[in-house]
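If you read the sequence shown in this note's numbering, its first letter stands for residue 3, the second for the next number, and so on. Using N, Cα and C, we set each Cβ at its ideal position, and we do this for glycine too. All figures in this text were calculated on a predicted structure; none of them were measured in a lab. These notes are about the structure you will find just below.
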Amino acid sequence: MSNNKYKILVIEDEANIRNFMETVLESNNYQMICAGSCAMGKTMFLSHTPDLVILDLGLPDEDGLVFLEFVRRDSPVPVIVLSARTDEQDKVTALDMGANDYITKPFGTAELLARVRAALRNCRLSTQTDTLGHLFTLIWQSITISVVSPCPAKTSA
3 MSNNKYKILV IEDEANIRNF METVLESNNY QMICAGSCAM GKTMFLSHTP DLVILDLGLP
63 DEDGLVFLEF VRRDSPVPVI VLSARTDEQD KVTALDMGAN DYITKPFGTA ELLARVRAAL
123 RNCRLSTQTD TLGHLFTLIW QSITISVVSP CPAKTSA
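Following this line, the structure appears as structure tokens:
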């Protein structure tokens, strides 16, 4: 795998949807990691540090919102919810809990790819850095603190 590919974690329990997304995203030069449950998603998230997560809410072991809450404790990685839940309150809850976007099933390939590009672009643009990759450096007396970009600085060529 090329190191310049964005790494996307797809957490989806329906194998046909997971396989479809894997085919579409890999054919568009993204590196895929897949999980079929919330527990496996947490393991894959911690071990593979993805650049983006696509998250189903209706998982067999726990609600996808549990995963979203887990991610948002420590990570700014973009999360796109992909769910059959179409109720406005479900969308509002997910977005208020930290999801970057919400797509309802069924979905089109072009829409999925556009939202993936937008999430990765918005993450990249929201973190302007200096030449060393620092968002900012705070110097106080003899203490220097440099904050680095939490978003990936890659190109999907």
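Inter-residue CB distance, residue i and residue j (contact presumed, cutoff 8 Å)
i, j, result
"residue 55", "residue 79", "6 Å"
"residue 29", "residue 58", "About 21 Å; that fails the 8 Å criterion."
"residue 122", "residue 8", "6 Å"
"residue 10", "residue 53", "7 Å"
"residue 72", "residue 93", "Contact doesn't hold; Cβ gap of about 20 Å is too wide."
Start-to-end residues for the alpha helix (DSSP H) that takes in residue i
i, result
"residue 1", "With the chain represented from 3 up to 159, any question about residue 1 goes unanswered, as that position is not in the structure."
"residue 93", "90-98"
"residue 7", "Neither: residue 7 is in no alpha helix (DSSP H) and is coded neither H nor E."
"residue 17", "17-29"
"residue 41", "40-50"
"residue 67", "66-74"
Beta-carbon proximity list for residue i, same chain, < 8 Å, skipping 5 on both sides
i, result
"residue 120", "103"
"residue 101", "57, 70, 81, 82 and 83"
"residue 15", "38, 39, 58, 60, 61 and 62"
"residue 68", "40"
Straight-line gap, residue i to residue j (C-alpha atoms, nearest Å)
i, j, result
"residue 42", "residue 109", "24 Å"
"residue 40", "residue 27", "21 Å"
"residue 113", "residue 32", "16 Å"
"residue 87", "residue 106", "7 Å"
"residue 22", "residue 111", "9 Å"
"residue 76", "residue 125", "16 Å"
"residue 91", "residue 18", "27 Å"
"residue 46", "residue 98", "24 Å"
"residue 48", "residue 89", "31 Å"
Element boundaries [beta strand (DSSP E), containing residue i]
i, result
"residue 85", "81-85"
"residue 57", "54-57"
"residue 37", "33-37"
Own chain residues within Cβ distance below 7 Å of residue i, not counting five before or after
i, result
"residue 36", "12, 20 and 24"
"residue 50", "9, 11 and 35"
Cβ neighbours of residue i in the same chain (closer than 6 Å, five flanking residues each side left out)
i, result
"residue 74", "100"
"residue 96", "83 and 104"
Any non-hydrogen atom of the ligand ZN closer than 7 Å to residue i Cβ
i, result
"residue 40", "Because no ligand of any kind appears in the structure shown, any question about the ligand ZN cannot be addressed here."
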